[in-house]
Amino acid sequence: MGTNQASQAPAISRVTIRHRTGSISTAEIVSVLKGEITALHVKQAFSTQLAEEITANFLGSPGLRERKDGVPGQYVGASHYRKDAATYFAESETARPYVDALFGNLVDPVRALFDALKRELHNQGIQLRLARSEHGQANICRALSWCGSGTFSLDPHDDVAQVLCAGEGYEISAVAHNTVAALNFYPSMAEEGGNLRLWSHKPTVADRKSQGVEATGYPYSAGYLRDIPCREIQLKPGDIALIDGGFVHGVTGQSGGTRRVLLNSFFGFARPDLVLWWT
Ligand SMILES: O=C(O)CCC(=O)C(=O)O
Ligand SMILES: [Fe+2]
22 MGTNQASQAP AISRVTIRHR TGSISTAEIV SVLKGEITAL HVKQAFSTQL
72 AEEITANFLG SPGLRERKDG VPGQYVGASH YRKDAATYFA ESETARPYVD
122 ALFGNLVDPV RALFDALKRE LHNQGIQLRL ARSEHGQANI CRALSWCGSG
172 TFSLDPHDDV AQVLCAGEGY EISAVAHNTV AALNFYPSMA EEGGNLRLWS
222 HKPTVADRKS QGVEATGYPY SAGYLRDIPC REIQLKPGDI ALIDGGFVHG
272 VTGQSGGTRR VLLNSFFGFA RPDLVLWWT
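Under the working numbering, think of the first position of the sequence shown as 22, with each following residue one higher.
Structure representation (C-alpha cells):
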C-alpha cells in the first residue's frame, strides 16, 4: 500500500438534516456545534421586512466589494479565507460600519442569535466571544452574493481547511479540530436554484492533499464527488441554515432576476470552555 490517498474512494459520513419552521433554539445550535446533527434548516426564521431591508442595504452599500481571492462573488464585511491575521482583523475593523448598516434601524438577527447562544453557553460555564487579535476583532457576520455561473454558483468546498491553515496570529486554528459551524441567514434567493447541497463526506487532511486543496478546501472536483451521496436544502428568503462546515457543501447554479444574498458567520469550540465566532 502506498501513501497516495488519491486512489482510495472518499469515506462516506452520514448527513442528518433537521428541518423546522419559525424560531431557532439554542439547544439545536449546540447540537450542530457538538456534531450531533449535520445541518439545521429553519424556514421563515426572520421576517420578510427584515429580509428586504438587508437585501436593499447590501445592494446599495458603499462597502460592497468584488471578491479577488479566486471565489466569484461580491461581499460586504471581511473574510479570513487566504488572509493573514493582520489583514483580516484590519479589514474587519474597516468594514464594521458597513456591516452594521446592513440592518438599518432594525434589530440584527445574527446578533440576537449570538446573544442567545452566549447566554446559553454561559450557563454551561462556556464563554462565547468574537475572535480577536492585536489588530482588531471579527465582525458578527459578512454579507455575500455568489456569482459563479454553471453547475454551481459557489463550488463544492469545506470550511475547515481555511481554519486549520489560518496561520500565525489567529486563535481560530484550534477550532478546526472540532466542529466548524457555518451559520447562514438568507435575506434573498434567486428565482431558481441557489440551493445548499451537502455531500456525505468530511474530507481529511490526506483527502485535501490528494485533491490539491490542502490549505483552502476549495474547490472539490465533480470527479472526486461523483460517487458520494448528496442532499439539498431548498432555501427561501427568511430561512436560516446552520451546518457542520466540515462536510463538503456548495451552492447550486441559479437563474432569474433576483440576487441571492446571505449573511454568513462561523463558530466553534477552541477549548472546552471557549467558543469563538468569526467570518
Ligand atoms: O451560500 C451558501 O448557502 C453557503 C455559503 C458557504 O458555504 C460559505 O460561505 O462558506
Ligand atoms: Fe462554506
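Glycine included, C-beta positions come from ideal geometry on N, C-alpha and C.
Alpha carbons only, please: which of the options is nearest the one belonging to residue i?
{"i": "residue 189", "options": "203, 105, 201", "result": "105"}
{"i": "residue 171", "options": "114, 298, 39, 275", "result": "275"}
{"i": "residue 91", "options": "221, 290, 287, 178", "result": "178"}
{"i": "residue 119", "options": "77, 138, 150, 133", "result": "77"}
{"i": "residue 150", "options": "71, 193, 111, 235", "result": "193"}
{"i": "residue 214", "options": "83, 145, 167", "result": "167"}
{"i": "residue 67", "options": "43, 83, 160, 185", "result": "43"}
{"i": "residue 247", "options": "221, 258, 153", "result": "221"}
Assign residue i to one of three DSSP states: helix, strand, or coil.
{"i": "residue 118", "result": "helix"}
{"i": "residue 281", "result": "coil"}
{"i": "residue 286", "result": "strand"}
{"i": "residue 184", "result": "helix"}
{"i": "residue 300", "result": "coil"}
{"i": "residue 310", "result": "Since the displayed the chain opens at 22 and closes at 300, residue 310 lies outside it and no answer follows."}
{"i": "residue 103", "result": "coil"}
{"i": "residue 88", "result": "coil"}
{"i": "residue 108", "result": "helix"}
Within this structure, are the beta carbons of residue i and residue j separated by less than 7 Å?
{"i": "residue 223", "j": "residue 267", "result": "yes"}
{"i": "residue 233", "j": "residue 165", "result": "no"}
{"i": "residue 98", "j": "residue 300", "result": "yes"}
Would you please state the rounded distance, in angstroms, between the beta carbons of residue i and residue j? I believe it to be under 8 Å.
{"i": "residue 37", "j": "residue 58", "result": "5 Å"}
{"i": "residue 183", "j": "residue 102", "result": "5 Å"}
{"i": "residue 260", "j": "residue 64", "result": "5 Å"}
What are the boundary residues of the alpha helix (DSSP H) that residue i is part of?
{"i": "residue 18", "result": "Outside the shown range of the chain (22 to 300) lies residue 18, about which nothing can therefore be said."}
{"i": "residue 144", "result": "130–144"}
{"i": "residue 69", "result": "69–80"}
{"i": "residue 230", "result": "226–232"}
Along the chain, where does the beta strand (DSSP E) that runs through residue i open and close?
{"i": "residue 265", "result": "260–265"}
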